[in-house]
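Only one structure is covered here, and it is reproduced in the block below.
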Amino acid sequence: MELRDAAATEELGRDLVTLLPEDPGGWMILLQGELGTGKTTLARSMLRALGHEGIVPSPTYTLVEPYRIDDRTVYHVDLYRIADASELEFLGWADLRDGLLLIEWPDRADGLTGQGDLLIELSYSGKGRNAEISGLSDRGREALRAGL
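Residue numbering for the sequence shown follows the numbering used here, beginning at 110 and increasing consecutively.
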(Lines of atoms letter the chains of each structure in order from A and count residues from 1; the text may use other names and numbers.)
(Lines give C-alpha, C1' and ligand atoms only; values in the text may rest on other atoms or scores of the structure.)
Protein backbone atom coordinates (compact mmCIF):
# COMPACT_ATOMS: atom_id res chain seq x y z
CA MET A 1 0.00 0.00 0.00
CA GLU A 2 1.50 3.31 -1.08
CA LEU A 3 1.59 6.18 1.42
CA ARG A 4 2.39 9.37 -0.47
CA ASP A 5 2.74 11.61 2.58
CA ALA A 6 2.16 11.92 6.33
CA ALA A 7 -1.56 12.51 5.71
CA ALA A 8 -1.82 9.11 4.00
CA THR A 9 -0.01 7.49 6.94
CA GLU A 10 -2.46 9.15 9.33
CA GLU A 11 -5.38 7.89 7.24
CA LEU A 12 -3.98 4.36 7.45
CA GLY A 13 -3.84 4.70 11.24
CA ARG A 14 -7.50 5.72 11.35
CA ASP A 15 -8.41 2.81 9.07
CA LEU A 16 -6.50 0.32 11.22
CA VAL A 17 -8.46 1.37 14.31
CA THR A 18 -11.70 0.43 12.54
CA LEU A 19 -10.42 -3.16 12.34
CA LEU A 20 -10.13 -3.48 16.11
CA PRO A 21 -12.85 -4.83 18.36
CA GLU A 22 -14.62 -2.42 20.70
CA ASP A 23 -12.36 -3.66 23.51
CA PRO A 24 -8.94 -4.18 21.91
CA GLY A 25 -7.29 -5.19 25.20
CA GLY A 26 -4.69 -7.87 24.61
CA TRP A 27 -4.16 -6.93 20.97
CA MET A 28 -0.59 -6.33 19.83
CA ILE A 29 0.10 -4.24 16.74
CA LEU A 30 3.71 -4.28 15.60
CA LEU A 31 5.13 -1.30 13.71
CA GLN A 32 8.33 -2.18 11.89
CA GLY A 33 10.49 -0.02 9.64
CA GLU A 34 13.66 2.00 9.35
CA LEU A 35 14.14 5.31 11.14
CA GLY A 36 11.86 7.96 9.69
CA THR A 37 9.42 5.66 7.89
CA GLY A 38 6.41 6.83 9.91
CA LYS A 39 6.00 4.40 12.80
CA THR A 40 5.33 7.13 15.38
CA THR A 41 3.09 9.04 12.95
CA LEU A 42 1.03 5.88 12.47
CA ALA A 43 0.81 5.19 16.21
CA ARG A 44 -0.13 8.84 16.90
CA SER A 45 -2.93 8.64 14.33
CA MET A 46 -4.25 5.42 15.86
CA LEU A 47 -4.26 6.96 19.33
CA ARG A 48 -6.15 9.99 18.08
CA ALA A 49 -8.66 7.77 16.24
CA LEU A 50 -9.20 5.90 19.51
CA GLY A 51 -10.07 9.22 21.18
CA HIS A 52 -6.82 10.54 22.69
CA GLU A 53 -6.76 14.33 22.41
CA GLY A 54 -3.43 15.20 24.03
CA ILE A 55 0.09 15.14 22.69
CA VAL A 56 1.65 11.86 21.60
CA PRO A 57 5.41 11.96 22.07
CA SER A 58 7.70 9.34 20.64
CA PRO A 59 8.47 6.82 23.39
CA THR A 60 12.09 6.42 22.24
CA TYR A 61 13.49 7.59 25.58
CA THR A 62 10.67 6.63 27.95
CA LEU A 63 10.24 3.25 26.19
CA VAL A 64 6.55 3.07 27.18
CA GLU A 65 3.90 5.79 27.01
CA PRO A 66 0.57 4.74 28.58
CA TYR A 67 -2.75 6.28 27.52
CA ARG A 68 -6.11 5.90 29.23
CA ILE A 69 -8.85 6.43 26.66
CA ASP A 70 -12.36 6.02 28.03
CA ASP A 71 -12.21 2.61 29.71
CA ARG A 72 -9.33 1.34 27.55
CA THR A 73 -5.61 1.37 28.16
CA VAL A 74 -3.23 1.72 25.23
CA TYR A 75 0.53 1.38 25.53
CA HIS A 76 2.78 2.93 22.89
CA VAL A 77 6.08 1.08 23.19
CA ASP A 78 9.40 1.77 21.45
CA LEU A 79 11.94 -1.05 21.68
CA TYR A 80 14.70 0.69 19.68
CA ARG A 81 16.96 0.95 22.73
CA ILE A 82 16.30 -2.61 23.94
CA ALA A 83 19.40 -4.76 23.60
CA ASP A 84 17.81 -8.08 24.54
CA ALA A 85 14.30 -9.49 24.89
CA SER A 86 14.98 -10.19 28.58
CA GLU A 87 14.87 -6.42 29.19
CA LEU A 88 11.11 -6.48 28.56
CA GLU A 89 10.67 -7.83 32.08
CA PHE A 90 12.06 -4.56 33.46
CA LEU A 91 9.41 -2.64 31.51
CA GLY A 92 6.67 -4.50 33.37
CA TRP A 93 5.85 -6.40 30.19
CA ALA A 94 3.42 -8.81 31.86
CA ASP A 95 1.37 -5.86 33.16
CA LEU A 96 1.12 -4.30 29.70
CA ARG A 97 -0.45 -7.33 28.03
CA ASP A 98 -4.01 -6.45 29.11
CA GLY A 99 -4.00 -3.23 27.10
CA LEU A 100 -3.75 -2.52 23.39
CA LEU A 101 -0.05 -2.53 22.51
CA LEU A 102 1.36 -0.41 19.68
CA ILE A 103 4.98 -1.54 19.44
CA GLU A 104 7.69 0.15 17.40
CA TRP A 105 10.83 -1.85 16.58
CA PRO A 106 9.41 -5.28 17.56
CA ASP A 107 12.38 -7.02 15.94
CA ARG A 108 14.54 -5.83 18.86
CA ALA A 109 12.87 -8.44 21.08
CA ASP A 110 13.33 -11.97 19.78
CA GLY A 111 10.09 -13.89 19.53
CA LEU A 112 7.84 -10.85 19.87
CA THR A 113 6.66 -11.02 16.27
CA GLY A 114 5.18 -14.45 16.95
CA GLN A 115 3.00 -12.92 19.66
CA GLY A 116 1.56 -10.08 17.59
CA ASP A 117 -1.82 -9.74 15.93
CA LEU A 118 -0.97 -7.33 13.12
CA LEU A 119 2.38 -6.39 11.61
CA ILE A 120 2.67 -3.12 9.69
CA GLU A 121 5.98 -2.92 7.86
CA LEU A 122 6.83 0.59 6.68
CA SER A 123 9.52 1.25 4.10
CA TYR A 124 10.77 4.06 1.89
CA SER A 125 9.29 4.18 -1.60
CA GLY A 126 10.44 7.06 -3.79
CA LYS A 127 9.40 10.27 -2.03
CA GLY A 128 6.75 8.47 0.03
CA ARG A 129 6.42 5.31 2.03
CA ASN A 130 5.05 1.83 1.52
CA ALA A 131 3.03 -0.10 4.10
CA GLU A 132 2.71 -3.86 4.08
CA ILE A 133 0.13 -5.21 6.52
CA SER A 134 0.11 -8.82 7.71
CA GLY A 135 -2.16 -10.69 10.07
CA LEU A 136 -0.02 -12.70 12.47
CA SER A 137 -2.72 -14.26 14.64
CA ASP A 138 -6.08 -15.78 13.76
CA ARG A 139 -7.89 -12.68 15.00
CA GLY A 140 -5.47 -10.41 13.15
CA ARG A 141 -6.00 -12.29 9.88
CA GLU A 142 -9.78 -12.23 10.42
CA ALA A 143 -9.70 -8.47 11.06
CA LEU A 144 -7.80 -7.92 7.81
CA ARG A 145 -10.20 -10.12 5.84
CA ALA A 146 -13.18 -8.25 7.28
CA GLY A 147 -11.86 -4.74 6.90
CA LEU A 148 -9.21 -4.13 4.29
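Backbone N, C-alpha and C fix where the C-beta goes; we use that ideal spot for every residue, glycine too.
Are the CB atoms of residue i and residue j nearer to each other than 7 Å?
i	j	result
Asp226	Gly249	yes
Thr169	Tyr189	yes
Val126	Leu159	yes
Glu119	Ser154	yes
In the DSSP assignment, what residue or residues form a beta bridge with residue i?
i	result
Met137	Leu210
Asp187	Glu213
Leu228	Leu139, Ser243
Arg238	Leu112, Tyr233
Give the single residue among the options whose Cα lies nearest to the Cα of residue i.
i	options	result
Leu209	Asp124, Arg238, Asp247, Gly134	Gly134
Asp180	Tyr233, Glu251, Gly142, His161	His161
Leu231	Asp132, Glu131, Leu139	Leu139
Gly142	Leu129, Glu241, Asp247	Glu241
Roughly how far, in whole angstroms, is the beta-carbon of residue i from the beta-carbon of residue j, given that I think they are within contact range, below 8 Å?
i	j	result
Gly237	Leu112	5 Å
Val173	Leu200	6 Å
Leu221	Ala203	About 14 Å separates the two Cβ atoms, so there is no contact after all.
Please confirm if residue i has its CB atom under 7 Å from at least one CB of chain D.
i	result
Gly163	Absent from the structure is chain D; it holds one protein chain and no more.
Handout entry: Length at least 4, wholly inside the segment 120-181: the alpha helix (DSSP H) runs in chain order
Key = Runs of the alpha helix (DSSP H) inside the segment 120-181: 148-159.
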